[in-house]
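Q:
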Amino acid sequence: MNALRRALGAPLLWLGLCALQLGLAWALAAPVRAAVRAAMGGYHWPFPDRLVAALIELFSVHPTIAAALTVAQIASLVLGGLLALLLGGGVVHRLAGARGAPEFARACVAHLPALAAIAGYGLLLRLVLLWFTHALVGAHVLAELLALVLVLSFATCAGDLAAARRVVRGDRGLHPREYLRACADAARAPRLWLASGALGLARWAVAAAIVVAAVHGIGEPWALWTARGLACLAVFLSLWRIALAVEHTAASRG
Amino acid sequence: MVAMDLRRLRGPGLCAAAGALVGLLACDPQPPPERTVPEPTEALRPPTERGEVPAEARVADYVIDASLDAEAHTVTGTARITWRNTTAAPVADLGLHLYMNAFRAEDTAWMLESRGTHRNARQHQSEGRWGFLDLRAARLLGQGPPASLQAPEGGAAAPVALTWAEGADPSLATIPLPRPVGPGEAVTVELDFLTQLPRVFARTGYDGDFHMVAQWYPKLGVREAGGWKAHVFTLFSEFYADFGDYEVRLDVPEDMVVGATGILAEERPPEAGRKQLTYKAEMVHDFAWAASPDFLEYGDTWRGVRIRQLLPRALAADAPAHLEALVAALGSMDRRFGPYPWSTITVIHPPRTADGAQGMEYPTLFTTSDMLPTPLPLRLLGIDERISGEFTTIHEFGHQYFQGMLASDEFSQPWLDEGLNSFSNILALEDWLGPAAEVATLGNQRVTHVDFARVLLEFDSTLDPVDTPADGFREFTDTYGGTVYRKTSAMLLTLRRLAGPENFDRAFRAYVDAHRFRHPRGADLERTLLRELGPKVRIADAGADGKPVDLDVRDFLDQALRATSSLDFAVARVANRRARGAAGWHRDPAGHLDLTEPATDDDGDGPREGFALVVREGEFRVPVEIEAEFDDGTTERVVWDGQARYRIFAWPGRRLRGVVLDPDDKLLLEGRRLDNRYYLPEARKPDGVTQPLADLVEATELAALAGVGL
Chain W
836 MNALRRALGA PLLWLGLCAL QLGLAWALAA PVRAAVRAAM GGYHWPFPDR
886 LVAALIELFS VHPTIAAALT VAQIASLVLG GLLALLLGGG VVHRLAGARG
936 APEFARACVA HLPALAAIAG YGLLLRLVLL WFTHALVGAH VLAELLALVL
986 VLSFATCAGD LAAARRVVRG DRGLHPREYL RACADAARAP RLWLASGALG
1036 LARWAVAAAI VVAAVHGIGE PWALWTARGL ACLAVFLSLW RIALAVEHTA
1086 ASRG
Chain D
3 MVAMDLRRLR GPGLCAAAGA LVGLLACDPQ PPPERTVPEP TEALRPPTER
53 GEVPAEARVA DYVIDASLDA EAHTVTGTAR ITWRNTTAAP VADLGLHLYM
103 NAFRAEDTAW MLESRGTHRN ARQHQSEGRW GFLDLRAARL LGQGPPASLQ
153 APEGGAAAPV ALTWAEGADP SLATIPLPRP VGPGEAVTVE LDFLTQLPRV
203 FARTGYDGDF HMVAQWYPKL GVREAGGWKA HVFTLFSEFY ADFGDYEVRL
253 DVPEDMVVGA TGILAEERPP EAGRKQLTYK AEMVHDFAWA ASPDFLEYGD
303 TWRGVRIRQL LPRALAADAP AHLEALVAAL GSMDRRFGPY PWSTITVIHP
353 PRTADGAQGM EYPTLFTTSD MLPTPLPLRL LGIDERISGE FTTIHEFGHQ
403 YFQGMLASDE FSQPWLDEGL NSFSNILALE DWLGPAAEVA TLGNQRVTHV
453 DFARVLLEFD STLDPVDTPA DGFREFTDTY GGTVYRKTSA MLLTLRRLAG
503 PENFDRAFRA YVDAHRFRHP RGADLERTLL RELGPKVRIA DAGADGKPVD
553 LDVRDFLDQA LRATSSLDFA VARVANRRAR GAAGWHRDPA GHLDLTEPAT
603 DDDGDGPREG FALVVREGEF RVPVEIEAEF DDGTTERVVW DGQARYRIFA
653 WPGRRLRGVV LDPDDKLLLE GRRLDNRYYL PEARKPDGVT QPLADLVEAT
703 ELAALAGVGL
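First to last, the sequence lines map onto chains W and D. Numbered by this note's numbering, the letters in the first sequence go through residues 836 to 1089 in order. Numbered by this note's numbering, the letters in the second sequence go through residues 3 to 712 in order.
1. What's the gap between the Cα of Leu671 of chain D and the Cα of Val260 of chain D?
2. How many whole angstroms separate the CB atoms of Thr479 of chain D and Leu465 of chain D, which I take to be in contact at a CB cut-off of 8 Å?
3. Which residues of chain D have a Cβ atom closer than 7 Å to the Cβ of Tyr878 of chain W, listed in chain order?
4. I'd like to know whether the C-beta of Pro694 of chain D is nearer than 7 Å to at least one C-beta of chain W.
5. Compare the C-beta of Val1050 of chain W with all C-beta atoms of chain D and state if any pair is closer than 7 Å.
6. Asp453 of chain D to Val927 of chain W, Cα distance in whole Å?
7. Contact criterion: CB-CB distance below 7 Å. Does Gly924 of chain W meet it with respect to chain D?
8. I'd like to know whether the C-beta of Ile953 of chain W is nearer than 7 Å to at least one C-beta of chain D.
9. So if DSSP puts Asn578 of chain D in a beta bridge, which residue, or which two residues, is it bridged to?
10. Helix, strand or coil, according to DSSP, for Ser294 of chain D in the structure here?
11. Within a Cβ cutoff of 6 Å, which residues of the same chain sit near Arg508 of chain D, ignoring the five residues on either side of it in sequence?
12. Against chain D, with Cβ distances strictly below 7 Å, would Asp1006 of chain W count as a contact?
13. Taking the C-alpha atoms as reference points, what is the distance between Lys668 of chain D and Leu332 of chain D?
14. Pick out whichever of D:Ser426, D:His99, D:Ala585 and D:Leu325 has its Cα sitting closest to the Cα of Phe195 of chain D.
15. Can a CB atom of chain W be found closer than 7 Å to the CB of Asn87 of chain D?
16. Arg225 of chain D and Thr84 of chain D - do their beta-carbons sit closer together than 7 Å?
17. With DSSP collapsed to three states, give me the class of Val486 of chain D.
18. Could you name the residues of the same chain whose beta carbon sits closer than 7 Å to that of Ala1069 of chain W, not counting the 5 residues immediately before and after it, in chain order?
19. Would you tell me roughly how many angstroms separate the C-alpha atoms of Arg337 of chain D and Asp677 of chain D, rounded to the nearest one?
20. Whether or not the stretch 383 to 399 of chain D and the stretch 440 to 449 of chain D are in contact is what I'm after, with contact meaning three or more pairs of Cβ atoms, one per stretch, closer than 8 Å; do they touch?
21. Could you check whether Trp291 of chain D and Val215 of chain D sit closer than 7 Å to each other, using their CB atoms as the reference points?
22. What span of residues does the beta strand (DSSP E) with Asp526 of chain D cover, start to end?
23. Run the CB neighbour count on Arg138 of chain D, radius 10 Å, all protein chains shown included, and call it buried at 16 or more, exposed below.
24. Please report how far the alpha carbon of His126 of chain D lies from the alpha carbon of Ala232 of chain D, in whole angstroms.
25. Can you tell me whether DSSP reads Phe519 of chain D as helix, strand or coil?
26. Within the chosen definition, does the stretch 1051 to 1066 of chain W reach the stretch 973 to 981 of chain W through at least 3 CB pairs nearer than 8 Å?
27. I'd like to know whether the C-beta atoms of Ala581 of chain D and Leu535 of chain D end up nearer to each other than 7 Å.
28. What residues in the stretch 67 to 87 of chain D bring their beta carbon closer than 7 Å to a beta carbon of chain W?
29. Round the Cβ separation of Ala356 of chain D and Asp209 of chain D to the nearest angstrom and send it over; I've been treating them as touching at under 8 Å.
30. Leaving out the 5 sequence neighbours to the left and right, which residues in its chain are closer than 8 Å to Asp7 of chain D when beta-carbon positions are compared?
31. Identify the residues that DSSP records as bridge partners of Ala442 of chain D: which are they?
32. Name the chain W residues whose beta carbon is nearer than 7 Å to that of Val183 of chain D?
33. Note down, in chain order, each residue of its chain lying with its Cβ closer than 8 Å to the Cβ of His588 of chain D, except the 5 sequence neighbours on either side.
34. Could you list which residues in chain D have their beta carbon closer than 7 Å to that of Asp884 of chain W, in chain order?
35. Helix, strand or coil for Tyr242 of chain D, going by three-state DSSP, please let me know.
36. Excluding the 5 residues preceding and the 5 following Leu1009 of chain W in the sequence, name in chain order all residues of the same chain whose CB lies nearer than 8 Å to its CB.
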């Protein structure tokens, strides 16, 4: 069973995560929508291609809207991270072949502490790698960018592997030594690292494409639907990336 | 599966792909090849092309010998100044500006107000911190009828040593003369000076090998009926001087590429690592120059005017864009405000490390600013702008007219310089890019020249009147730019739209034509506008009261120039109320009570009539047009004189859908526009802001979730 098949084999998981993400984004935008609607009252801005002027005036007169907007953006980042942590155990469990919502929920709860520890180690590893990368190649922007992609994708791959070892192989996952073993696994499997990195990069590219589509289609209905579609694609890419780690872990166990 | 794909990419293919990507991202565009055009032979365009250049406007001639020490960043020189007394009274002394002394110490007027910062650039704290102009000797060479002073250094009389005294602020000095200069007489003095350039943070100075040498020699003030108009150099004051001819001999290191006011009349072969350049300029009121060994030169011509751009290599790729903007500005201003009189214009691009020198005007020479780099990610977002580089070029070129040619007193009335120029820049943008000219884009959004002229006007232009002297503006209030540049510009654009572009342009052209090579004041502009437009401009033959509505031009100018009021109208309320009819009991002619039944319309709700409450929220009073939109799809316009605080408008027998204020966008002085269009709930369409903004927020949240989730 290869990784792609594992990801394709969990359509409800994908749909569920998509719905959650779309709902969350909609809900987080709702306060901004309500605040702007209240501020506009019955007034109307008739220039759909000259919103910059309107927004500068709106934010100047109602700075709370700018604040609400900032809060919504920060909240989406924080909630995105929290959800990844909260649902990570269930996702790996499902990609490993388990079925059923109760199973999924149980796995989410059961693996939460270990995944939190793994996330913490991952954060630390990223900080260390960022510092080293900047120190070594910080003088060359392009080299630093490429190096950052490599080391951050390594950290992501190691994190995925550590989570898979915990869920699939039953490692405790709390001790730093176990996280280091996952790092060693990732280092010993460069193809896995590259594949995981490519999918991670693709996910970032999709995130960037969402922003590009949103900015080029401000006020156009297609822009939001494109963003939603791309967000679903990003979810699938994430599942595929995690499935790579599950596949690798399952294969090494077998 | 991905691993399989990657396996195919191993080896030379992967290396080639990576190499191509790196090359694509890292490639530095080569600068276009340099291009020089021949030096003009005359400093002014031919008489048939340059327009009127009144001979009597030539008041102060300068002959300057100067030598640049590029290591010490000093200029040592001698200035021979011939000044003609064109006033009706004898003059006993000469009033001088020593502008560079503004940077001499922390207690100068300039430094006290600026606290060592200028447009976000900070005074350097170590090497090159200070700049000064040390006047070392003054001599009287001659005095008498102007014709006798053509070559005073060859005169028989020995020079007479003069004394001088610095003013309370060192940016000023006075030289008493042994005997007064009579009306119609001239005097020639020779001044030895040493100028230490600061490391540039405020227009003038050096940065490495780059030298921007401006306000560097002792310069006469302007003698007016009340005495010398020589002002203390303060943060927001610029410069004021008489027109004259300049001959400047510069001695500079051999490798320096020099750009200067006027034309290069002579270049001697280099000797001992130095070269001597002689520049001549006619009918200018200042002389500035820049020198750097790193300049590349790009020349061109426009209708016989030589255009010369000097750029450091790193900025050379921007030359075509600046040239396009400059040609657009030349064409627009030449057509609108009369012929550009000089034969040359030089554009200096200071290096990025010397951004304090960017964006400043001198006769036939100006410095522009860098175009903001737009790397690939920004280009993908559709970010583009003409404000950072091209607009600066348009703006600084515009100063060749305001105040290079219409040399108003920038200290007493800075709005005549920056404000009128900003106004002309908006017109230049419109001439260049069309009536919907865009100065910036973001994705599918654009910022038009109108948005640019109006944005944030409400917030940074309401503390000081426009007609405030430069030293009346305080750095701490941060209102100078909003008031002097943008409010003036918006005021003139508003008046232009209210009076009609053709009428206004004719009136403004009359002002420009009458004051070429003169020192116009605000009163001159006001007088011309009142004369040409008339005291009243008819806005509507029948206004809301059925009477004609006129714009009182004098009142408009008073409010715009001498008050701090802001212009703001709002639709405060719109409603369809039950119409007042004839229902009820009334006595008939015989005295009997007679019942009239109320009329009902199709929805059984009775006839309605539309009401709108329009409020003048700002103190600025000006006529405003109101457009009512009815439920049958028709519209009706009415003009309100805007004098009262509010007015209720009624449309009997008509059901309103909504009301729009200033539908033709004439009131550019109105900074707040979101409350100008109101629709009733039953007719309400999407407000045009909520959905686009909320969708954008939702999409960016999806991007964030996609980026950090799982």
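Glycine included, each C-beta is placed from N, C-alpha and C at the ideal position.
A: On the basis of the data shown:
1. 42 Å
2. 5 Å
3. Leu676, Asp677, Arg679, Tyr680 and Asp689
4. yes
5. yes
6. 52 Å
7. no
8. no
9. D:Gly612
10. strand
11. none
12. no
13. 26 Å
14. D:His99
15. no
16. no
17. helix
18. Arg1038, Val1041 and Ala1042
19. 38 Å
20. yes
21. yes
22. Premise fails: Asp526 of chain D lies in the alpha helix (DSSP H), Gly524 to Leu535, not in any beta strand (DSSP E).
23. exposed
24. 28 Å
25. coil
26. no
27. no
28. none
29. 4 Å
30. For Asp7 of chain D, the predicted model reports a pLDDT of 36, less than 50, meaning its position is unreliable and no value from the coordinates is stated.
31. D:Glu387 and D:Val449
32. None at all; the shortest Cβ gap to chain W is about 55 Å.
33. Leu595, Asp596 and Thr598
34. Asn446, Gln447 and Arg448
35. coil
36. Pro948, Ala949 and Ala952
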